[in-house]
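Q: Let me begin by handing over the structure; questions about it come next.
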Amino acid sequence: MSQLQDSRGKIIIRTSIIGIITNVLLAGFKAAVGLLSNSIAVVLDAVNNLSDAMSSIITIIGAKLGSRRADKAHPLGHGRVEYISSMLVAAIVFYAGITSLVESVKKIINPETANYNAVDLFIIAVAIAVKLVLGKYVKTQGEKVNSGALIASGSDASFDAILSASVLVSAIIFLISGISLEAYVGVVIAVVIIKASIEMMRETLNDLIGHRTDAEISRKIKAILSEESGVMGAYDLVLFDYGPNKSYGAVHVELPDVMTVDKVDVLTRKLQMRVYKETGIILAGISVYSYNTRDELAAKMREEIQKIVLAHEWALQMHGFYLEGKNIRFDVVLSFNVAQKEALSILIHELQKLYPEYTIQILPDVDITD
């Protein structure tokens, strides 16, 4: 795992350095063109490249801090630092967008005529091509190593290419017709930059707060667990995200009530190892539900109760059913559209009428994963 993280960090740093160098060079060329041609749109485009370079610097810092080894104060590592760096990148992009919007509006109020030549147009065209290639490269590398900051930077670079193309079009229109769209193009650039930054902030904030696990991952883990001989089902999977590629989890598995503790120990260790090898996720805890195997009445009652429970649209799943003497216990996954207290009251009332001589214990579960 350590070697994987080291390799990941090197890829992020190398990609970010390439981005810094490219964006600084582009910013220099665009600034020169913008100042010489008196084009606010080109100058703002140059400022945007500088903000991209700054974003890459923060990405490097975040990757370095996030890859530090776990210690006593931070036993689960420092991976979430990368989410903070992604938020800082989004904040810089947002600031660049607001600044661009203010300057563009000023130019609309007090317009100045731009003065392009063929060399200026050629430099802008080359910058567009470079940005397209850079954006594709950075985003691909980001997806390869699961770096939110790199993916955001790659997407932003692709947006920049489109915005630079709008600057080039406005310059050509000016040369052909004499109509200046500079300041208005600047407003469009600023709005797009602001929108992109807000989307970046929203995604990163979700990572920091905690969000629903990707359905494909949760289903894959449950499938791996359920495939193992002896496992009747896997439920209540919870994943804890401690940074890119650093996830821990806990889950319930349903096992036959005749399985001895030594066999349960062997099975759960085997499950933990297999899930880790196939997904990279560490199952820190595997809890057990017992499944009636020697009682035909239990199977019949489970089927009847399940029909009653799942007749309610807010009851998403029933599991962990076990009959022991005159005691019935099971869990119900409830949707977010019903209060737990209300749902349990309804279910117990309905089931108690059907089985008045039994004690019924229902535990509510939250709809955490698919």
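All residue numbers for the sequence shown refer to this note's numbering, where the first residue is 1 and numbers rise by one.
Positions of the beta carbon are idealized from the N, C-alpha and C atoms, including for glycine.
In the DSSP assignment, what residue or residues form a beta bridge with residue 328?
A: Counting from one through the sequence shown, the residue named residue 328 turns up at place 328. Per DSSP, 323 and 360.
Q: Check whether the Cβ atoms of residue 161 and residue 89 sit closer than 8 Å, and answer yes or no.
A: The residue you call residue 161 lines up with position 161 of the sequence shown. The residue you call residue 89 lines up with position 89 of the sequence shown. Not closer than 8 Å, so no.
Q: Spell out a yes or no on whether the stretch 96-115 and the stretch 176-188 are touching, meaning 3 or more CB-CB pairs, one atom from each, closer than 8 Å.
A: These segments touch.
Q: According to DSSP, is residue 255 helix, strand or coil?
A: By 1-based counting over the sequence shown, the position of residue 255 is 255. Strand.
Q: Can you give me the start and stop residues for the beta strand (DSSP E) that residue 116 sits inside?
A: Here residue 116 is taken as the residue at index 116 of the sequence shown, counted from 1. Where residue 116 is concerned, there is no enclosing beta strand (DSSP E), given that its DSSP letter is neither H nor E.
Q: Less than 8 Å separating the beta-carbons of residue 96 and residue 47?
A: Translated into positions along the sequence shown, residue 96 becomes position 96. Translated into positions along the sequence shown, residue 47 becomes position 47. In contact: residue 96 and residue 47 (Cβ atoms closer than 8 Å).
Q: What do you get for residue 87, buried or exposed, if any count of 16 or more other CB atoms within 10 angstroms of its CB means buried?
A: Position 87 of the sequence shown, counting from 1, holds the residue named residue 87. With 16 or more other Cβ atoms within 10 Å, it is buried.
Q: Run the CB neighbour count on residue 8, radius 10 Å, all protein chains shown included, and call it buried at 16 or more, exposed below.
A: Within the sequence shown, numbered from 1, the residue matching residue 8 stands at position 8. Burial call: buried.
Q: How big is the Cα-Cα spacing for residue 2 and residue 65?
A: Walking along the sequence shown from the start, residue 2 turns up at place 2. Walking along the sequence shown from the start, residue 65 turns up at place 65. Reliability fails at residue 2, whose pLDDT of 49 lies under 50, so the model's placement of it is uncertain and the value that follows must be treated cautiously. Residue 2 and residue 65: Cα-Cα distance of roughly 15 Å.
Q: By DSSP's criteria, residue 366 is part of a beta bridge. Which residues make up the other side?
A: Looking up residue 366 in the sequence shown gives position 366. According to DSSP, which records beta bridges pairwise, residue 366 is partnered with 334.
Q: Go ahead and pull the three-state DSSP assignment for residue 318.
A: To locate residue 318, count along the sequence shown from 1; it is residue 318. DSSP places residue 318 in strand when its eight states are reduced to three.
Q: By the three-class DSSP mapping on this structure, what secondary structure does residue 234 have?
A: Sequence index remark: in the sequence shown, residue 234 carries index 234 (1-based). It is a strand residue.
Q: CA-CA distance, residue 358 and residue 345?
A: Along the sequence shown, read from residue 1 onward, the residue named residue 358 stands at position 358. Along the sequence shown, read from residue 1 onward, the residue named residue 345 stands at position 345. C-alpha separation (whole angstroms): 16 Å.
Q: Please classify residue 141: is it buried, with 16 or more other beta-carbons within 10 angstroms of its beta-carbon, or exposed?
A: Walking along the sequence shown from the start, residue 141 turns up at place 141. Under this definition residue 141 is a buried residue.
Q: Using the beta-carbon count (16 or more within 10 Å), is residue 336 buried or exposed?
A: The residue labelled residue 336 in the question sits at position 336 within the sequence shown. Flag for residue 336 reads exposed.
Q: With 16 as the cutoff for other CB atoms within 10 Å, does residue 302 come out buried or exposed?
A: Working through the sequence shown from its first residue, we reach residue 302 at position 302. With 16 or more Cβ atoms within 10 Å of its Cβ, residue 302 is classed as buried.
Q: Kindly list the residues whose CB is nearer than 7 Å to the CB of residue 350, restricted to its own chain and excluding five residues on each side of it in sequence; keep chain order.
A: Locating residue 350 in the sequence shown gives position 350, where the first residue counts as 1. Counting only Cβ-Cβ distances below 7 Å, and skipping sequence neighbours, we find 308.
Q: Quick one, which of 61, 318 and 150 has its alpha-carbon nearest residue 304's?
A: By 1-based counting over the sequence shown, the position of residue 304 is 304. Nearest C-alpha to residue 304: 318.
Q: Which stretch, first to last residue, makes up the beta strand (DSSP E) that contains residue 287?
A: In the sequence shown, the residue the question calls residue 287 occupies position 287. Residue 287 -> beta strand (DSSP E) spans 282-291.
Q: Only counting the same chain, and skipping five residues up and downstream in sequence, which positions put a Cβ closer than 6 Å to that of residue 165?
A: For this step, residue 165 is matched to residue 165 along the sequence shown. Cβ neighbours of residue 165 beyond the five flanking positions: 128.
Q: Are the beta-carbon atoms of residue 218 and residue 370 separated by less than 8 Å?
A: As a working note, residue 218 is residue 218 in the sequence shown. As a working note, residue 370 is residue 370 in the sequence shown. Yes, they are a contact pair.
Q: What residues match up with residue 241 in a beta bridge as DSSP calls it?
A: On the sequence shown, residue 241 is found 241 positions in, with the first residue counted as 1. Answer is 247.
Q: Does residue 349 come out as helix, strand or coil in the three-state DSSP assignment?
A: Taking the sequence shown and counting its residues from 1, one reaches residue 349 at position 349. Residue 349 falls in the helix class under three-state DSSP.
Q: Give the DSSP-derived three-state secondary structure of residue 1 in the structure shown.
A: Position 1 of the sequence shown, counting from 1, holds the residue named residue 1. Any reading at residue 1 must be qualified, since the residue scores a pLDDT of 49, below 50, and its modelled position is unreliable; the value itself is stated next. It is coil, neither helix nor strand.
Q: Can you list, in chain order, the residues of its chain whose CB lies under 7 Å from that of residue 226, leaving out five sequence neighbours each side?
A: Walking along the sequence shown from the start, residue 226 turns up at place 226. Excluding residues within five positions, the ones whose Cβ falls inside 7 Å are 233 and 234.
Q: What three-state label does DSSP hand residue 219 in the structure shown?
A: What you label residue 219 is simply residue 219 of the sequence shown in a count that begins at 1. Correct three-state label for residue 219: helix.
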